[in-house]
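In this note's numbering, the protein residues as written are 387 to 676.
Ideal Cβ positions, reconstructed from N, Cα and C, are used throughout, including at glycine.
Treat the numbers as computed from the prediction; the structure is a model and nothing was measured.
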């Protein structure tokens, strides 16, 4: 059966994207002061099957094109949990981490040669309090929660990118609040996760035909209602949400949402939902905050 997991040609949709859509990114105007502060995003990041999914790539690329091209990107991914805070290697050409298995060889050979992010690293460190030092890894690369969506959103790797570790799963907006000033300098702050991520509970029909389990639909509907109402308090009580614990048997793909809301100008304002469908039975709900 043909699916994004078993396409006739691995990455053929990505090749078509590079040929037909990606060139528009070359003319994408960069952020200027008069554009105002950049939004902050929460996105469902996917994995290598994104590169077989033309629709998902179109969604991510259209989203990036709707915003000014950022001066830099700071991303907090579900796949790097570390305290105290740590930053990925800031030098140009940061390597990638292939933190997945079972996919085609092509995805283990992909690169994303971003520019020097030393200036952003210095700004992040300066924003942290004296009691919250930031460790800069000399060689830690970008994991797939960062590079997979960014390789579509900014396909020419022409924006400096840093990854910041996620220090806690508590629904605490403090980290995002500390990072908020970066938005006024054109930095795009991204919390990268997945609105539902119950991989152990997906059946073959979900993997192959995108049949949506009840727990995934229920959790997503609960999140959609809370987001529309600006109810951060409800979102913070996620462990008691419909569909739990199946929607998030571990919570690292949900909690980056609080980094995004911490960076918001008004976290109680309903965000702009940009993606709200499903893939492989999982909710891709993604949004931006002003």
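Can you tell me which residues form a DSSP beta bridge with residue i?
{"i": "residue 577", "result": "428, 462"}
{"i": "residue 672", "result": "661"}
{"i": "residue 549", "result": "461"}
{"i": "residue 482", "result": "528"}
{"i": "residue 522", "result": "473"}
{"i": "residue 416", "result": "455"}
{"i": "residue 495", "result": "BP columns for residue 495 are empty, so no partner."}
{"i": "residue 467", "result": "552"}
For the putative contact between residue i and residue j, defined by C-beta atoms under 8 Å, what is the C-beta separation to the nearest angstrom?
{"i": "residue 400", "j": "residue 433", "result": "About 13 Å; that fails the 8 Å criterion."}
{"i": "residue 429", "j": "residue 519", "result": "Not a contact, Cβ separation roughly 28 Å."}
{"i": "residue 640", "j": "residue 624", "result": "6 Å"}
{"i": "residue 604", "j": "residue 628", "result": "4 Å"}
{"i": "residue 581", "j": "residue 606", "result": "6 Å"}
{"i": "residue 425", "j": "residue 453", "result": "7 Å"}
{"i": "residue 476", "j": "residue 420", "result": "Actually they are not in contact, since the Cβ atoms of residue 476 and residue 420 sit about 28 Å apart, beyond 8 Å."}
With a threshold of 8 Å between beta-carbons, can residue i be considered close to chain C, or not?
{"i": "residue 457", "result": "Structure shown: chain C not included; a single protein chain is present."}
Is the CB-CB distance between residue i and residue j below 8 Å?
{"i": "residue 437", "j": "residue 539", "result": "no"}
{"i": "residue 609", "j": "residue 569", "result": "no"}
{"i": "residue 579", "j": "residue 441", "result": "no"}
{"i": "residue 550", "j": "residue 473", "result": "yes"}
{"i": "residue 456", "j": "residue 531", "result": "no"}
{"i": "residue 576", "j": "residue 423", "result": "no"}
{"i": "residue 427", "j": "residue 574", "result": "yes"}
{"i": "residue 645", "j": "residue 462", "result": "yes"}
{"i": "residue 668", "j": "residue 583", "result": "yes"}
{"i": "residue 374", "j": "residue 637", "result": "Given a span of 387 to 676 for the chain in the structure shown, any question on residue 374 remains unanswerable."}
{"i": "residue 642", "j": "residue 464", "result": "yes"}
Taking all protein chains shown into account, do 16 or more other C-beta atoms lie within 10 angstroms of the C-beta of residue i, making it buried, or fewer, making it exposed?
{"i": "residue 415", "result": "exposed"}
{"i": "residue 439", "result": "buried"}
{"i": "residue 602", "result": "buried"}
{"i": "residue 480", "result": "buried"}
{"i": "residue 546", "result": "buried"}
{"i": "residue 589", "result": "exposed"}
{"i": "residue 497", "result": "exposed"}
{"i": "residue 681", "result": "The question about residue 681 has no answer, for the chain in this structure spans 387 to 676."}
Quick check: does the Cβ of residue i come within less than 7 Å of any heavy atom belonging to the ligand FAD?
{"i": "residue 639", "result": "No copy of the ligand FAD appears in this structure; indeed no ligand is present at all."}
(request) For the stretch 613 to 623 and the stretch 643 to 663, state whether three or more C-beta atom pairs, one from each stretch, are separated by less than 8 Å. (result) yes
(request) Would you check if the stretch 583 to 598 and the stretch 525 to 536 touch, i.e. whether three or more CB-CB distances between them fall below 8 Å? (result) In short, these stretches do not touch, since the Cβ pair count stays below three.
(message) Counting beta carbon pairs with one atom in the stretch 511 to 518 and one in the stretch 563 to 570, are three or more of them shorter than 8 Å?
(response) yes
(request) Report yes or no: do three or more beta-carbon pairs, one from the stretch 546 to 560 and one from the stretch 464 to 478, lie closer than 8 Å? (result) Taking 8 Å as the limit for Cβ pairs, the verdict is that the stretch 464 to 478 does touch the stretch 546 to 560.
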